[in-house]
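For the sequence shown, the residue numbers in the numbering used here are 692 to 1097.
No residue lacks a Cβ here, since even glycine has one placed at the ideal position from N, Cα and C.
Nothing here was measured: the structure is a model prediction, and the numbers come from that model.
Working notes for the structure below.
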Amino acid sequence: MTPVLPGLDRRVPVVVVRIGQYPFSHSPWGTVRSFGRLGVPVYAMVEGRHNPTTASHYLTGAFVRPTTGSEPAEHLVDILRGVGEEVGRRSVAVPTDDESAVLLAEHTEELSPFFLIPPVPANLPRLLADKGELHRICRDHGIPSPYTATPADRDELVATGRAWGYPLVLKNLAPFTRLAEPVVSHSTLVRDERELLALTPTNGPLSVLAQEYLPAEHSEDWFTHLCCGPGGEPLAVFTGLKERDWPPGGGFTTLARTVGNPELADLAAGLCKKVGFAGVADLDWRLDLRDHRYKLVDFNPRQGAQFRLFETADGLDVVRALHLSLTGRPVPQGPVLPRNFRVGRPDLLAALATARSGHRLPHDLLPRRATERAWLCRDDAMPLVVDLARTARTAPLKLARRLLRA
């Protein structure tokens, strides 16, 4: 049974905001289910009508607004304004990608008649989502982070690899350009110069970040999900441990668990306080076991895909905390429920990859109690059905392409 949050104003709707194409992402479903289970009207921007998110019976309404992220900002603002007008009531906007968080922050004045938006400095989400700027912010505020470089072109990138040695990690540098001009599809581990040259076949301008690789055998992957009020005041801070991801070594979380970590919680909340961040955020850290320091890898100024791992005994998660804060309600501080989070089929692939590389059986293959599942859900099964149907239709084509390439 879902606890009922005291003071929650169910008259204020929620709009899940999305920029770009993510037809198979499980991220929006968490917000739809989180609010739908409490009786809050929840709407979502989607890429198309036949989308797993639109199949959720908790969804009040869907707005089919396909975007690529390369559109002019004025056009994207017009789309959001139109969504707000159709909802007809001022709503809490929940960004599910960096671009939507940047757009809401930089155009608060135009969008505030339609949406409740956290009072964050207008340029801050863009700076935090920019991997190079984040490294500078960490340096300025004494937050450990891996060595980082922002080469302007392939020659500088090759020079970085030769100076640092391999392996190294490549990431798309900044919001919007990561959609319009991606260098890699996700955080990518590059093992040698041959792989580096294959990823960057021409010597033109690059929007890419090169980052020091922290070896898996000498590190642990942690994350903090939080919600901050005005001035960066922490309202809800959660910590967890990532156990598997897909693709391995830099992909999205497929298996995780809650682990209380006061040191890491204080580190994340302290950074948000220093920079004045307000809203929901997902911060990725690596604990470097060689010097026992938590190093900030990514700051995502929006809802994280696995945020539903965390819930308190009062029924609070980060997006519910955002709703309470923006509607002037107090945010309760209850104990965190011990939970696990699993992303079905991708976690099976991640487990198989772990078994192949480590020559051992992976742990936690069998279902565990108190597991929050990204897709499989007793009270909301249709999104998974739609996802399976789409996969069945597209998988043969993908397999054929791979065979042709081989």
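Going straight from the alpha carbon of Val849 to that of Ser878, what length do you get? If I take the Cα positions, the gap works out to 18 Å.
With DSSP run on the structure shown, which of helix, strand or coil describes Thr758? Thr758 falls in the coil class under three-state DSSP.
Beta-carbon proximity of Leu1028 to Ala1012, cut-off 8 Å: In this structure, Ala1012 does not lie closer than 8 Å to Leu1028 by Cβ.
Can you list, in chain order, the residues of its chain whose CB lies under 8 Å from that of Glu954, leaving out five sequence neighbours each side? Within the same chain, Cβ atoms closer than 8 Å to the Cβ of Glu954 are found at Tyr985, the five residues on either side in sequence being excluded.
Residues in the same chain with beta-carbon distance under 6 Å from Ser718, minus the five sequence neighbours each way, listed in chain order, please. Cβ-Cβ distances below 6 Å link Ser718 to Thr787 and Ala996 in the same chain, with the five nearest sequence neighbours on each side left out; the list follows chain order.
On the premise that Leu802 lies in contact with Ser782, defined as a C-beta separation below 8 Å, what is that separation, rounded to the nearest angstrom? Taking C-beta atoms under 8 Å as the contact rule, Ser782 and Leu802 fail to qualify, at a distance of about 11 Å.
Where does the unbroken beta strand (DSSP E) through Leu946 begin, and where does it stop? Taken as a continuous stretch (DSSP letters only), the beta strand (DSSP E) holding Leu946 covers Phe943 to Thr949.
With a threshold of 8 Å, are at least 3 pairs of Cβ atoms found where one atom belongs to the region 737-757 and the other to the region 719-726? With a cut-off of 8 Å, the region 719-726 and the region 737-757 count as touching, because enough Cβ pairs lie within range.
DSSP on Val1072, reduced to helix/strand/coil? Strictly speaking, residue 1072 in this sequence is Ala, with Val absent from that position. Note: Ala1072 maps to coil in three-state DSSP.
Is the beta carbon of Val785 less than 8 Å from the beta carbon of Val860? Taking 8 Å as the cut-off, the Cβ atoms of Val785 and Val860 do not count as close.
Give every residue of the same chain whose Cβ lies closer than 8 Å to the Cβ of Gly1025, excluding the five residues on either side of it in the sequence, and list them in chain order. Taken in chain order, the residues that qualify are Thr1003, Ala1004, Asp1005 and Leu1007.
Just to confirm my understanding: we take Ser836, look at its own chain, exclude 5 residues before and 5 after, and list those with CB closer than 8 Å. What are they? Around Ser836: Leu825, His826, Cys829, Arg830, Lys986, Leu987 and Val988.
Beta carbon of Pro866 nearer than 8 Å to that of Ala969: Pro866 is not a Cβ neighbour of Ala969, given a cutoff of 8 Å.
Among Trp1066, Lys822 and Ala764, whose alpha-carbon lies nearest the alpha-carbon of Leu795? Selected option, being the one with the closest Cα: Ala764.
Give me the residue from Gln994, Phe1032, Lys965 and Arg882 with the minimum Cα distance to His1014. It is Gln994 whose Cα lies nearest to the Cα of His1014.
Can you check DSSP and say which residues form a bridge with His983? Beta-bridge pairing links His983 to no other residue.
Starting from His826, follow the alpha helix (DSSP H) in both directions and report where the run begins and ends. It spans Lys822 to Asp831 - the alpha helix (DSSP H) in which His826 sits, taken as one unbroken run.
Got a sec, what are the start and stop residues for the alpha helix (DSSP H) Ser658 sits in? No answer is possible for residue 658: it lies beyond the span of the chain, which begins at 692 and ends at 1097.
Simplified DSSP state of Trp913, which is helix, strand or coil: Collapsing the DSSP output to three states places Trp913 in a strand.
Which residues bound the beta strand (DSSP E) around Leu932? Annotation for Leu932: the continuous beta strand (DSSP E) segment containing it runs Pro925 to Trp937.
Where do the ends of the beta strand (DSSP E) carrying Pro719 lie? It is not in any beta strand (DSSP E) - Pro719 instead sits in the alpha helix (DSSP H) that spans Ser718 to Gly727.
Examine the Cβ distances between the region 939-946 and the region 891-898 and report whether three or more of them are shorter than 8 Å. No, the region 939-946 is not in contact with the region 891-898.
Quick check: what's the CA-CA separation for His748 versus Met1073? A direct Cα-to-Cα measurement between His748 and Met1073 gives close to 8 Å.
What distance in whole Å lies between the Cβ atoms of Pro939 and Thr1045, which are believed to be in contact at a cut-off of 8 Å? Taking the Cβ atoms as the reference, Thr1045 lies roughly 7 Å from Pro939, within the contact range of under 8 Å.
Around the Cβ of Asn952, are there at least 16 other Cβ atoms within 10 angstroms (buried) or fewer (exposed)? By the neighbour-count criterion, in which 16 or more other beta carbons inside 10 Å mark a residue as buried, Asn952 falls on the buried side.
Spatially closest choice to Glu777 from Phe998, Gly920 and Ala753, by CA coordinates: Just measuring C-alpha positions, the residue of Phe998, Gly920 and Ala753 sitting nearest Glu777 is Ala753.
Bounding residues of the beta strand (DSSP E) (the contiguous stretch that carries Arg1064): It spans Thr1062 to Arg1064 - the beta strand (DSSP E) in which Arg1064 sits, taken as one unbroken run.
Using 8 Å for Cβ pairs, my map puts Val1034 next to Ala1065. What's the rounded Cβ distance? Taking a contact as a CB-CB distance under 8 Å, the pair Val1034 and Ala1065 counts as one, their CB atoms being some 4 Å apart.
With DSSP run on the structure shown, which of helix, strand or coil describes Leu1090? Model confidence at Leu1090 stands at a pLDDT of 46, short of 50, so the residue's coordinates are unreliable and nothing is read from them.
So, is Arg702 buried or exposed, given that buried needs 16 or more other C-beta atoms within 10 angstroms? Exposed, by the Cβ-count rule.
Distance between Ile834 and Lys965 (C-alpha atoms, nearest Å): Answer to the nearest angstrom: the Cα atoms are 11 Å apart.
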